[in-house]
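Below is one structure; the comments refer to it alone.
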């Protein structure tokens, strides 16, 4: 009718819809949530950016998450896996995708070998890939081959959410905003920045205990951020 307009689907929007629908239908998702104390992470980011200012590098929370996840994935190879038909594949290289909103959908540029890259390299590459993704100038190689994905909606003020797994990966991390909240430290209640992480997992690949161990180690890295880069 005259009150409704059909929006033509772009190729990106159609492919995104097909992949995520297939994931939601085929992968038995379950979710683990953990809130981390983000004060040290935010302070660490300020210090890193002060140190890297002359080089023109500005590290984001997402960059730190990529580096931390890459380290945790190396320690928990069972998470760095995928489901292929009737086969379980474990990947020996760590390729971390970052979900980027574009005008016509969602694109996931991939930081290949993220575990071997410095924070500066990750920051530069992530910014370059995100900019080119928004302008439709990424190659197929740059948006395929991921072994794990991060979706950070913190910059939109979202507290927490669950994300649909990016197939054929085993898991995706959904990250909410770092915002002030009550925290117990040394038995005392105080106010600190907290950030809620939600891990969506394909139950065919991983069980609850395996996912929980990964998330626990990731939380330790984020709460002691110097360990991310050591």
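In this note's numbering, the protein residues as written are 95 to 324.
Just so it is clear, CB atoms sit at the ideal spot from N, CA and C, and this is done for glycine as well.
All values derive from a computational prediction rather than experimental measurement.
Selection from the options that minimises the alpha carbon distance to residue i
i, options, result
"residue 295", "260, 210, 141 and 320", "260"
"residue 179", "270, 165 and 121", "121"
"residue 321", "204, 165 and 128", "165"
"residue 298", "192, 316, 151 and 264", "264"
"residue 114", "234, 201, 251 and 218", "201"
"residue 126", "314, 308, 187 and 229", "308"
"residue 216", "272, 170, 108 and 161", "161"
"residue 291", "128, 119 and 95", "128"
"residue 208", "198, 199 and 167", "167"
"residue 203", "212, 228, 111 and 287", "228"
"residue 136", "293, 286 and 303", "286"
"residue 103", "96, 97 and 111", "111"
Start and end residues, beta strand (DSSP E) containing residue i
i, result
"residue 229", "Where residue 229 is concerned, there is no enclosing beta strand (DSSP E), given that its DSSP letter is neither H nor E."
"residue 275", "273-279"
"residue 140", "Looking at the DSSP string, residue 140 is not in any beta strand (DSSP E); the run it does join, the alpha helix (DSSP H), is 133-146."
"residue 269", "265-269"
"residue 201", "199-201"
Anticipated Cβ contact below 8 angstroms, residue i with residue j, distance rounded
i, j, result
"residue 173", "residue 242", "7 angstroms"
"residue 240", "residue 254", "That pair is no contact at about 23 angstroms."
"residue 316", "residue 130", "5 angstroms"
"residue 171", "residue 187", "About 11 angstroms separates the two Cβ atoms, so there is no contact after all."
"residue 107", "residue 199", "4 angstroms"
Unbroken alpha helix (DSSP H) run spanning residue i, endpoints
i, result
"residue 174", "No alpha helix (DSSP H) contains residue 174, which DSSP labels as neither H nor E."
"residue 301", "Per DSSP, residue 301 belongs to no alpha helix (DSSP H) and is neither H nor E."
"residue 117", "105-120"
"residue 323", "320-323"
Closer than 8 angstroms to chain D by CB, residue i
i, result
"residue 224", "Among the protein chains of the structure shown there is no chain D, as only one such chain exists."
CA-to-CA distance, residue j to residue i, given in whole angstroms
i, j, result
"residue 176", "residue 262", "5 angstroms"
"residue 306", "residue 222", "32 angstroms"
"residue 132", "residue 267", "16 angstroms"
"residue 226", "residue 205", "14 angstroms"
"residue 313", "residue 300", "19 angstroms"
"residue 276", "residue 311", "22 angstroms"
"residue 109", "residue 257", "17 angstroms"
"residue 274", "residue 117", "34 angstroms"
"residue 238", "residue 281", "46 angstroms"
"residue 50", "residue 318", "This structure leaves residue 50 out entirely; the chain is present only between 95 and 324."
"residue 134", "residue 219", "24 angstroms"
"residue 272", "residue 159", "12 angstroms"
"residue 190", "residue 196", "19 angstroms"
"residue 156", "residue 95", "43 angstroms"
Exercise for the section: Mind the definition here: the segment 137-149 touches the segment 223-239 only if three or more C-beta pairs lie below 8 angstroms; say whether that holds. Expected result: no
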